[in-house]
Amino acid sequence: MSLAKKNNNVSGWLDMSQSVSGVILALFLWTHLVLVSSILLGADAMTFVARTMELSFLSADGHGYPWVVSGIAIIVALLALIHVLVAVHKMPLNLQQQRALRQQMSVIHHDDTKLWVWQAMTGVGIFLLLPVHLWLIGSAPETIGPVGSADRIWNQGVWMVYLPLLLCVELHAAIGIYRVAIKWGARRAIDARARIKKIKTIVSVVFVLIGLASLLAFLPYAS
Amino acid sequence: MSQGRTLTFNIFRYDPQVPDDKPKMVKYHLEEAPGMTVFIALNMLREQQDPSLQFDFVCRAGICGSCAMVINGYPTLACRTLTSKYPKGEITLMPLPGFELIGDLSVNTGKFMRELAERLKLWLHPKSDEVDIHRIEAPMAPEEAARLYELERCVECGVCVSACATKQMRDTFVGAVGMMKIARFELDSRDARSVEDFYHVIGNQDGVFGCMTLLGCQDNCPKDLPHMQQIAYLRRKMATALV
């Protein structure tokens, strides 16, 4: 195989792995948020979800295996790392590229380019905040529950990480899924894009609201 | 349309050939006429107010692609843009970014397109090397001809190149025009090149795998070419060749 062909293959795999890792992470994110939002149904609901995620139904004493959550955190961290390493290829990294982007955007108005800038900026935000979240959860999985999580979020001040992370991640994921959809599976009908874009906005807003409501719902348990 | 109102044009002026000239925006006023396009207005400005104003045109009918420029933040063809589209009567004109500036609103898209064509080999590579002008050409199915014609409508105006932030950031990126033309030859049954050959040219970060799907090309193409669908098609095709 020639060197050029090999390089081309790497480019193809990189582009595909960015899309695939992004889709998996987005699906995980939304599932995760739905599970966390069980706090909205009360302490018992959340305790049930937290214990079930630790596979309590498989252990005799019913306590489950908190290390399962640590394992999930490690898998998410690895996926996110792959996603970052690939996505960084597309970012304007040097001054010349940043100037070219700024110059182009100052002359030409284009909504989807602005959307991508938001995606890139929220991506940087996630890159900074996600490791904190994964470390806090992965290193103390047994504390996940109404009281433990409330203590972490409100008494230890971790809401300062979770709030910006929530906003960044919900924008980033929805824009990302919109982009993947039109990138690989663009339909003939142009209105399909408008529809997907609308769904993207709704998904972002709904999940941000669920996230905010969940954060607030932990407040009564932080005594 | 509002007749007889006075239009205000803010036009980018800079001539790289004139020593010490600095880029600036210059204001012009012109009375609007019925059915006036930006292209007509520019000609009137040049005839009546400033003969040094530089801009390109050939066909006046959206066929040659010469008069592409950025009009109020949107890259498009001046000859197909009615001044009545702007209710405030204020029109800002900038040259297409990403091309060599000849002067004012005139950019060298021709040089870019030629280099691109040579780099991507954007011409038909016949299946047989034997040229026999006496032989009747093999017939083409009307459906295939229609598909090719759809992509042949590109007028090489450069709008997609200017509207693409990826292209602006990465000089070697082929842009929508390059991919559109590759897609055109990939669809052509007379072309001898295989998927692997096309993959070699655009199956990389300068081609489909470098495109970030920002869709500036799709949203601004004055000929409404299906860039989004074509690039997605090529990407799927190239990705299939991978596995």
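Heads up: the sequence lines are chains A and B, in that order.
Reading the first sequence from the start, the letters are residues 1 to 223 in the working numbering.
Reading the second sequence from the start, the letters are residues 1001 to 1243 in the working numbering.
Built from N, CA and C at the ideal position, the CB exists for glycine as well.
| Query | Result |
| --- | --- |
| Other residues of its chain near A/S125: CB distance less than 7 Å, five sequence neighbours each side excluded | According to the sequence displayed, residue 125 of chain A carries Gly and not Ser. Contacts found: P164, C168. |
| C-alpha distance - B/P1034 paired with B/K1022, whole-angstrom precision | 35 Å |
| B/A1068 - partner residues in DSSP beta bridges | B/L1077 |
| Cutoff 7 Å; reference A/H172; Cβ partners in own chain excluding five residues on either side | Q119, T122, G123, I126 |
| Residue-chain proximity (B/C1165, chain A), Cβ-Cβ < 8 Å | Here residue 1165 of chain B is Ala; the residue named in the question, Cys, does not match the sequence. Yes, contact with chain A. |
| Whole-Å CB distance - B/P1222 paired with B/T1109, under 8 Å assumed | Not really, about 13 Å apart at Cβ, beyond 8 Å. |
| Contact belief for B/V1038 with B/I1091 at Cβ below 8 Å, rounded distance in angstroms | 7 Å |
| Chain B contact for A/P164 (CB, 8 Å cutoff) | no |
| B/V1131 (DSSP reduced to helix, strand or coil) | coil |
| Sheet register partners of B/I1091 (DSSP bridge) | B/F1009 |
| 4 or more residues per run - each alpha helix (DSSP H) lying fully within the region 1203-1242 of chain B | 1216-1220, 1227-1242 |
| Neighbourhood of B/R1193 by C-beta, 6 Å cutoff - its chain only, sequence neighbours within 5 removed | H1125 |
| Nearest candidate by alpha-carbon position, reference A/D112, set B/F1198, B/P1142, B/L1214 | B/L1214 |
| C-beta atoms of A/I39 and A/S223 nearer than 8 Å | no |
| Secondary structure, alpha helix (DSSP H): runs of 4+ residues fully inside the region 54-104 of chain A | 67-87 |
| Same chain, Cβ closer than 6 Å to A/A150, neighbours up to 5 away in sequence not counted | F218, Y221, A222 |
| 6 Å CB neighbourhood of B/M1001 in its chain, flanking five on each side removed | Because the pLDDT at B/M1001 is just 47, under 50, the model does not fix this residue reliably, and the point stays unresolved. |
| A/F57, buried or exposed, once every other Cβ within 10 Å from all chains shown has been counted against 16 | exposed |
| Bounding residues of the alpha helix (DSSP H) (the contiguous stretch that carries A/V158) | Per DSSP, A/V158 belongs to no alpha helix (DSSP H) and is neither H nor E. |
| Contact check, B/V1208 vs B/M1228, beta carbons under 8 Å | no |
| Burial state of B/A1068 (16 or more Cβ within 10 Å) | buried |
| Pairwise C-alpha distance: A/S139 and A/S70 | 7 Å |
| Below-8 Å beta-carbon distance, B/P1023 vs any chain A residue | no |
| Beta strand (DSSP E) segment containing B/H1029, residue limits | 1024-1031 |
| According to DSSP, residues forming a beta bridge with B/S1106 | B/G1103 |
| Residue from B/T1166, B/A1176, B/N1204 with nearest C-alpha to B/D1224 | B/A1176 |
| Nearest residue (CA-CA) to A/H110, options B/N1072, B/R1046, B/E1031 | B/N1072 |
| Cβ shell of A/I182 (< 6 Å), same chain only, five flanking positions each side left out | R193 |
| Sequence-distant residues of its chain with Cβ nearer than 6 Å to B/F1185 (five each side left out) | D1191 |
| Within-8 Å CB hit, A/L25 to chain B | no |
| Contact with chain A by B/T1083, beta-carbon distance below 8 Å | no |
| Separation of B/F1173 from B/K1167, as counted between CA atoms | 5 Å |
| Closest Cα partner of A/L79 within the set A/I108, A/V88, A/I24, A/L41 | A/I24 |
| For B/I1182 and B/V1201, believed in contact at Cβ under 8 Å, the rounded distance | 7 Å |
| N-terminal and C-terminal residue of the alpha helix (DSSP H) that B/Q1168 is part of | 1165-1169 |
| Backbone secondary structure at B/P1142 - three-state DSSP | helix |
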